[in-house]
Amino acid sequence: MIKPDRIVTSTCPYCGVGCTLELHVKDDYIFKVTSPFDSPVNHGNLCVKGRFGYDYVYHPKRVTMPLIRKTPQKAGERTQAFDLSEWREATWDEALDYVADRLVEIYQRGGSDALAVYCCAKATNEDNYLLQKMYRALFRTNNVDHCTRLCHAGSVVALQQAIGSSAMSNTASQVMLNDVFIVTGSNTTENHPIIALQMKDAVRQNGAKMIVVDPRRIELVDFAELWLPLKPGTNVPVFSAMAHVIVKENLINWEFVNSRTEGFNDYLESLEKFTPEYAEEISGVPAEDIRKAARLYANAKNGAIYWGMGISQLSHGTASALALIHLAFLTGHIGREGTGLNPLRGQNNVQGASDMGAMPFHYPGYMRVDNEENAAKWEQTWNVEPGGLSRKLGLTTTEILSQAHEGGVRALFIMGENPMMSEPNLNVTREHMQQLEFLVSQDIFINESGAFADVFLPATPFAEKEGTFSNTDRRVQRVRRAHPPRGQARPDWEIVCDLAQRIESRLGRATAKWDYASPEEVLREMASINSDYAGITYERIDKVGLIYPVPDVTHPGTPTLFKEDFPRGRGKFIPLDYVHIVEEPDDEYPFILTTGRVLEHWHGGTMTRNSVLDEAYPEARLDIHPADAEIHGIRNGDPVKVRSRRGEVVLRATVTEKTSVGVVFIPFHFVEAAANLLTNDALDPQAKIPEFKACAVQVFPAREGDLANPEAVVSRGRY
Ligand code: SF4
């Protein structure tokens, strides 16, 4: 039995649940991960990623030296280089000077609009705060975004409009206080496994009634009182029909509607057409089941809604989320413990990166960049002359790449993200990446996006750095260094500070401060303006974290929001209309493709595909319903070609009743059959989130030889 040299407590680097990890370290290697039973988030439970998925830290393909491309890259001729022979090793001084020279030269030639940055939902709060500060304070641009744009942007815009705050209103563990709860657009078992455990416990131990609204027969359906298998993209009619029933059967919480909301009458008028029968016609969900769901939720003592990207990743993602918000307003299931509107945030620190201002419209603390008072506060904090910060709204991730052309964005800095896997319509994304004049990748592996870069800056994974993550509950928790960085890798926050100083001196600007003694000093600077974090110190979150808002250093945190009022005052009903998905199936492209994650993998696979987890689930599979498979002559395990109007992939089929007739599913982690070659880049006009959850495809049998990796046959017991 190996005896650890030390056990370091940290936070899981994968999903937004934010489980506490105990890293058992021997000779500067983590050899085991456990979790304490008194962890308030996960009570000692971990999923397969948290328990076993740490080994990417030691993968031989990890890059631990700064690299510069041997062949200089040019706009329009940029190529991918995965092989180290196409790069040369550089010192940190050489690499950072080169990056500073090129970025400053492009800025001086093209102005603020020529530069853009992708922050990172996997990096710490401190890393993200500093990177957005560098671009705002030095390059005077708000072209700052990260992958929140691709997951919950629709939810964020809807919640901001209706409530004035976009985080979860309650904590996930409060599901144990629900007597009825709705889970929609979230395959929670695979995406937030520990929250799914609590949902199942709420049903089994407490007799809570779960309503699942999802096109797929996800595992939670086995525990549900009701399953509404709607057609992808028909959330608005289904949830508005539930609202219609609540109104017509007078199940309304009038006291709440009268005292806490506005806009009810206009909303009521818009609701008239959303009868359950109308919704059935569009969504395929039986009208009687819509009525049952409405009655169950409205009559609950404590009702809550938990949702995922099946709501937000649509060209009408904002409207989808608003339809859910209206249900909570009508019934008053918000503002109390055990109720709430709870968008389950995907990545470990997508909540925190958003809080830190890694977005084009907001400074840290969701302070609009086009508001004079906000800008003045940050100008003072960052030692920028009055009027120096840009008041112009920046570009979103999707817009940054589509603006990569002469006169548009010329230089892109990517910290830890992989748009060449995560953006929709990847063939077009590739063309955009090729048009960049200069590209920097700060990461731990050369992934599909970093392979396009001019310079690679080797950063450290979570196990080699200090900082904080903010989970989906708004709980700010510590990340701790288990051992020193491998090779010459450096923590992201240190790299950014070093680079910022070099840029600052080239631009001749007064210093915005980059000489922090520790990440905690970085967090304190951010918290001096962002009052939600004002009372958070590393000492106070040493053991279990704190749930913001924490307005002062004696405040215990705020697990339940909106007890008295909403940040915008009254909750706002916003009339809705049904908007079709952009690409309905037709005779030529008869299936709807929907995409998502599987338990063993994470996003573009930078971490999990360089881990033992890849052996547990080594290839993409297409889920197809048995009725559809029979018509098309497809057997379980057969290779199939899936084609949309934008691209095609070949992968094996899993014939399963987990999906509905006419709907197929592909996870988006696998470059060999990248689902985003197929997806539609149509955007929600308000949130700018792409329609990942629904596009029209063809499916037909293929040959073994068409598969990218015919050897990787997987058999997972639970199918
Ligand atoms: S549930 Fe999420 S946070 Fe917890 S161990 Fe799994 S991936 Fe990590």
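Just so we're aligned, residue -16 is where the sequence shown starts under the working numbering, counting upward by one. Where is the CB? At the ideal position from N, CA and C, for every residue including glycine. Predicted, not measured: the structure shown is a model, and the values here were computed from it.
What does the Cβ neighbour count give for residue i, buried or exposed, with the cut at 16 atoms within 10 Å?
i, result
"R701", "Annotation note: pLDDT 49 at R701 (below 50); position unreliable, coordinate value reported separately. Classification for R701: exposed."
"K772", "This structure gives no information on residue 772, because the portion of the chain shown stretches from -16 to 702."
"D606", "buried"
"D475", "buried"
"V632", "buried"
"W237", "exposed"
"K671", "buried"
"T154", "buried"
"H175", "buried"
"F312", "buried"
"Y(-3)", "buried"
"F14", "exposed"
"H563", "exposed"
"Q188", "exposed"
"F65", "exposed"
"K183", "buried"
"G518", "buried"
"D295", "The question names Asp, yet the displayed sequence has Ser at residue 295. So S295 ends up on the buried side."
"R592", "buried"
"P539", "exposed"
"E711", "Residue numbering for the chain in the displayed model covers -16 to 702; residue 711 lies beyond these limits and cannot be assessed."
Under the three-state reduction of DSSP, which class applies to residue i: helix, strand or coil?
i, result
"T258", "coil"
"T591", "helix"
"E406", "coil"
"E631", "strand"
"F65", "coil"
"E602", "coil"
"T541", "coil"
"R701", "Because the pLDDT at R701 is just 49, under 50, the model does not fix this residue reliably, and the value given afterwards should be weighed accordingly. Correct three-state label for R701: coil."
"A670", "coil"
"D205", "helix"
"W585", "coil"
"P326", "strand"
"T(-6)", "strand"
"S424", "strand"
"E245", "strand"
"T639", "coil"
"K231", "helix"
"Y289", "strand"
"R686", "coil"
"R553", "coil"
"I614", "helix"
"P609", "helix"
"E88", "helix"
Does at least one heavy atom of the ligand SF4 sit under 7 Å from the Cβ of residue i?
i, result
"I177", "yes"
"C134", "no"
"K15", "no"
"V0", "yes"
"K32", "yes"
"N25", "yes"
"L372", "no"
"L596", "no"
"L142", "no"
"Y572", "no"
"L203", "no"
"D289", "The question names Asp, but residue 289 is Tyr in the sequence shown. Y289: no, Cβ never under 7 Å from the ligand SF4."
"Y81", "no"
"Y(-3)", "yes"
"L29", "yes"
Strictly under 8 Å for the Cβ-Cβ distance: is residue i near chain C by that measure?
i, result
"Q334", "This model lacks chain C altogether, as it is built from one protein chain only."
Runs of beta strand (DSSP E) lying entirely within the stretch 35 to 63, each at least 3 residues, in chain order:
Fully enclosed beta strand (DSSP E) runs of 3 or longer: 50 to 52.
Mind listing, in chain order, the continuous alpha helix (DSSP H) runs of no fewer than 4 residues lying wholly within the stretch 5 to 38?
Along the length of the stretch 5 to 38, whole alpha helix (DSSP H) runs at least 4 residues long occupy 31 to 35, reported in chain order.
Please give the ranges of any alpha helix (DSSP H) in the stretch 448 to 500, keeping only runs that are unbroken, at least 4 residues long and fully inside the region.
Runs of the alpha helix (DSSP H) inside the stretch 448 to 500: 475 to 490.
Threshold first: 4 residues or longer. Then list the alpha helix (DSSP H) segments lying entirely within the stretch 102 to 154, N to C.
The DSSP assignment places complete alpha helix (DSSP H) segments of no fewer than 4 residues inside the stretch 102 to 154 at 108 to 116, 131 to 134, 136 to 145, in order along the chain.
Please go through the stretch 373 to 399 and give each complete beta strand (DSSP E) segment of 3 or more residues, from N-terminal end onward.
For the stretch 373 to 399, whole beta strand (DSSP E) runs of length 3 or above, ordered along the chain, are 394 to 398.
Counting only runs of 3+ residues fully inside the stretch 310 to 372, write out the beta strand (DSSP E) ranges in chain order.
With a minimum length of 3 residues, the unbroken runs of beta strand (DSSP E) contained wholly in the stretch 310 to 372 fall at 323 to 326.
Could I get the ranges of all uninterrupted beta strand (DSSP E) runs contained in the stretch 152 to 193, with 3 residues as the minimum, in chain order?
Segments of the beta strand (DSSP E) lying fully in the stretch 152 to 193: 163 to 167.
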